[in-house]
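Notes to accompany the following structure.
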Amino acid sequence: MFAELTEINRRPELYEVYTADGLWTDEYIAQRMLEYHVDPDGDIASRSKAKIEAICSTIIQRFSIGAESDVLDLGCGPGLYSTYLARAGAKVTGIDFSENSIRYARAQAEAEGLSIHYLHRDYLTWEAEQKYDLASLIYYDLCALTSEQRKLMLKKIHDLLKPEGHFILDVFSDAMFDAAEEKRTYEFIPGNGFWAGGAHYLFLNGFLYKDERVTLDKYTIIEPDRTRVIYNWLKYFNPQSLTAELEEAGFKVLGIQGDLGGADYDPTSIELAAVAKP
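In terms of the working numbering, the sequence shown opens at residue 1089 and continues consecutively.
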């Protein structure tokens, strides 16, 4: 038991283990994630419906989204942003690793008669067959990638944009990192938890990697017949560090904002956004 508890509380090396796919391939967790995503009033797995509408309205106006627009929504989830952009007339491609989310998104698009091409793919390995006017990576997706994955992803996005195309993304801020603390918690959950439907024990270890501006929430889920460990890594940015990664991939940064709704950058906010072009 001592050895097991020691391993549960062990601080991993940076990006030592990467398990993001477990959030989307475990049937139970994927269903819970979808429930949070489509909650119109929720602000957990996605923004509230009102915030999404405001962001999409800004995007449509700023980038003149219409019938001539080819739009790529990376990490589209259940199509929360793709739907609004397609309603504006755009030809939208949505790509996501979650089969549950893609199935839901396809059903919604079919019900509305929207022109959205949804793909159940890992966007890190997917190869595009066309160029796009606008590519989006919304709701902090970049933060969940390792440093090597971020380099790969940004270079891929750069190469699939048309010469006058644009890339928009949002990320967590350094202010959010500065407010984070290391933690160790333990609880028994009798059932219907986020990570498992049945009774289970949950250990959460939160680690800070200060030099790299990265946090790790390490979840150990112990059920009667199995033990799982989920590593949730998050990278945090300021305008300089985000600009540096985008420029390394070949982008020209057109502006740093407070969010994708066009708010001014606020160094005390938990987020920031960028608009760039190849």
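Backbone N, C-alpha and C fix where the C-beta goes; we use that ideal spot for every residue, glycine too.
Report task. State the CB to CB distance for the pair residue 1270 and residue 1292, rounded to an integer number of angstroms; the pair is presumed to be in contact (CB under 8 Å). Result -> Stepping through the sequence shown from its first residue, residue 1270 is reached at position 182. Stepping through the sequence shown from its first residue, residue 1292 is reached at position 204. So it is not a contact: roughly 11 Å between Cβ atoms.
Report task. Measure the Cβ-Cβ separation of residue 1228 and residue 1260 and say whether it is below 7 Å. Result -> By one-based count along the sequence shown, residue 1228 stands at place 140. By one-based count along the sequence shown, residue 1260 stands at place 172. Result yes, Cβ atoms of residue 1228 and residue 1260 sit closer than 7 Å.
Requested in this report: Consult DSSP for residue 1188 and reduce its assignment to one of helix, strand or coil.
Outcome: Indexing the sequence shown from 1 puts residue 1188 at position 100. Correct three-state label for residue 1188: helix.
Query raised in the report: Below 7 Å between beta carbons: does that hold for residue 1205 and residue 1337?
Result: As a first step, residue 1205 must be located in the sequence shown, where it is residue number 117. As a first step, residue 1337 must be located in the sequence shown, where it is residue number 249. No; because the gap between Cβ atoms is not below 7 Å, this pair is not in contact.
Query raised in the report: What number of angstroms, rounded off, separates the C-alpha of residue 1231 from the C-alpha of residue 1120?
Result: Residue mapping note: residue 1231 aligns to position 143 of the sequence shown, counting from 1. Residue mapping note: residue 1120 aligns to position 32 of the sequence shown, counting from 1. Spanning the two alpha carbons is a distance of roughly 21 Å.
**Report entry** Bridge partner(s) assigned by DSSP for residue 1280
**Finding:** The residue you call residue 1280 lines up with position 192 of the sequence shown. Its beta-bridge partners do not exist; DSSP assigns none.
Query - Nearest candidate by alpha-carbon position, reference residue 1287, set 1163, 1104, 1312, 1258 - result: Sequence index remark: in the sequence shown, residue 1287 carries index 199 (1-based). With distances taken between Cα atoms, residue 1287 lies closest to 1312.
Query - Endpoints, the alpha helix (DSSP H) within which residue 1148 is located - result: The count along the sequence shown starts at 1 and reaches residue 1148 at position 60. Here the alpha helix (DSSP H) through residue 1148 covers 1137-1150.
Query - Validate contact between the segment 1096-1105 and the segment 1299-1306 using beta carbons, cut 8 Å, 3 pairs - result: yes
Query raised in the report: Does the Cβ-Cβ distance between residue 1199 and residue 1167 come in under 7 Å?
Result: On the sequence shown, residue 1199 is found 111 positions in, with the first residue counted as 1. On the sequence shown, residue 1167 is found 79 positions in, with the first residue counted as 1. No, Cβ-Cβ distance for residue 1199 and residue 1167 is not below 7 Å.
Query raised in the report: Pick from 1249, 1253, 1212: whose alpha carbon is nearest that of residue 1237?
Result: Locating residue 1237 in the sequence shown gives position 149, where the first residue counts as 1. Nearest option by C-alpha distance: 1212.
**Report entry** Endpoints, beta strand (DSSP E) assigned at residue 1258
**Finding:** For the purposes of this step, residue 1258 is identified with residue 170 of the sequence shown, where counting begins at 1. 1249-1260 is the span of the beta strand (DSSP E), which, as asked, contains residue 1258.
Query raised in the report: Any idea what DSSP makes of residue 1169, helix, strand or coil?
Result: One-based indexing of the sequence shown puts residue 1169 at position 81. Residue 1169: helix per DSSP, three-state reduction.
Query - Span separating the alpha-carbon of residue 1057 from that of residue 1114 - result: The structure shown does not extend to residue 1057, since the chain is modelled only from 1089 to 1366, so the question has no answer here.
Query raised in the report: Whose C-beta lies closer than 8 Å to the C-beta of residue 1253 among residues of the same chain, with five residues either side of it excluded?
Result: Translated into positions along the sequence shown, residue 1253 becomes position 165. The answer, listed in chain order, is 1219, 1220, 1221, 1222, 1223, 1365, 1366.
**Report entry** residue 1157 versus residue 1147 - alpha carbon distance
**Finding:** As a working mapping, residue 1157 is identified with position 69 in the sequence shown. As a working mapping, residue 1147 is identified with position 59 in the sequence shown. Near 12 Å, if we compare the C-alpha coordinates of residue 1147 and residue 1157.
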